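Chemist:
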Amino acid sequence: MIRDSPTSFNLKYLQPNLLSRTKIAIMKLFIVFFAAIVLTVSAQNAEQRRIRAKELAAVRRLPAVEYEEVHDKYGQYALRYVTAEGTVVSERGRLVPNIEGDGYVLIIEGEVSYISDDGEVYATKFSAGLDGTHMEGNHLPAAPEAIQPETED
Numbered sequence: 123m124i125r126d127s128p129t130s131f132n133l134k135y136l137q138p139n140l141l142s143r144t145k146i147a148i149m150k151l152f153i154v155f156f157a158a159i160v161l162t163v164s165a166q167n168a169e170q171r172r173i174r175a176k177e178l179a180a181v182r183r184l185p186a187v188e189y190e191e192v193h194d195k196y197g198q199y200a201l202r203y204v205t206a207e208g209t210v211v212s213e214r215g216r217l218v219p220n221i222e223g224d225g226y227v228l229i230i231e232g233e234v235s236y237i238s239d240d241g242e243v244y245a246t247k248f249s250a251g252l253d254g255t256h257m258e259g260n261h262l263p264a265a266p267e268a269i270q271p272e273t274e275d
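Numbering (our numbering), first residue to last: 123 to 275.
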């Protein structure tokens, strides 16, 4: 039997300390390895985003694929164009009598649709005329409904 003395060496005291040092070394190695993987993946994603942005910028500099524009002598018009990246714009302006009946007002109606960077197609319909400006689109926030005043009976 080995006695515990300053000159003796007892393995039962050494093993837990050695195991905890080994565990700590393995955990440190795991953390370094995991951090290296995260940095590699992040660098690849950043490079892919830069390449995608450059491609998109190059496409956006291209002229319109289709372009139509028609005007009449009164100022009414129709306009439609399609760009290389898939944006479609159509707009129409037409004259309608004003409320007083002594002149005309140009009413504008149209639609813009585009493909966003995430691949979704967003479409916005708009109109501007006698009753103000209105826009519709699934991606636009909706105004809350007006609160009706309470009536006392």
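Cβ atoms here follow ideal geometry from the backbone N, Cα and C, with glycine treated the same way. A quick note: this is a predicted structure, and the numbers were derived from the prediction, not measured.
#1: Can you check whether the CB of A245 is closer than 9 Å to the CB of E233?
#2: Verify whether the separation of the beta carbon atoms of R214 and L201 is less than 9 Å.
#3: Ends of the beta strand (DSSP E) at R202?
#4: Give the DSSP-derived three-state secondary structure of K195 in the structure shown.
#5: Between which residues of its own chain and G251 is the CB-CB distance below 6 Å, once the five residues before and five after are set aside?
#6: Is R183 helix, strand or coil when you go by DSSP?
#7: Assuming Y196 and L217 make a contact with CB atoms under 8 Å, what is their CB distance in whole Å?
#8: Can you find the residues in the same chain that come closer than 6 Å, C-beta to C-beta, to T205, ignoring five residues on each side of it along the sequence?
#9: Rounded to a whole number of angstroms, what is the C-alpha to C-alpha distance between P263 and E242?
#10: Just the C-alpha distance for Y226 and A179, rounded to the nearest angstrom, thanks.
#11: Who does H256 pair with in a DSSP beta bridge?
#12: Short of 6 Å in beta carbon distance, which residues of its chain neighbour V210, apart from the five on each side in sequence? Order them along the chain.
#13: When the Cα atoms are used, what is the spatial distance from M257 to V154?
#14: Considering only their Cβ atoms, is the gap separating I237 from E267 smaller than 9 Å?
Modeler: Inspection of the coordinates gives the following:
#1: yes
#2: yes
#3: 199–204
#4: coil
#5: I229
#6: coil
#7: 6 Å
#8: A186
#9: 17 Å
#10: 42 Å
#11: S249
#12: V204, S235
#13: 52 Å
#14: no
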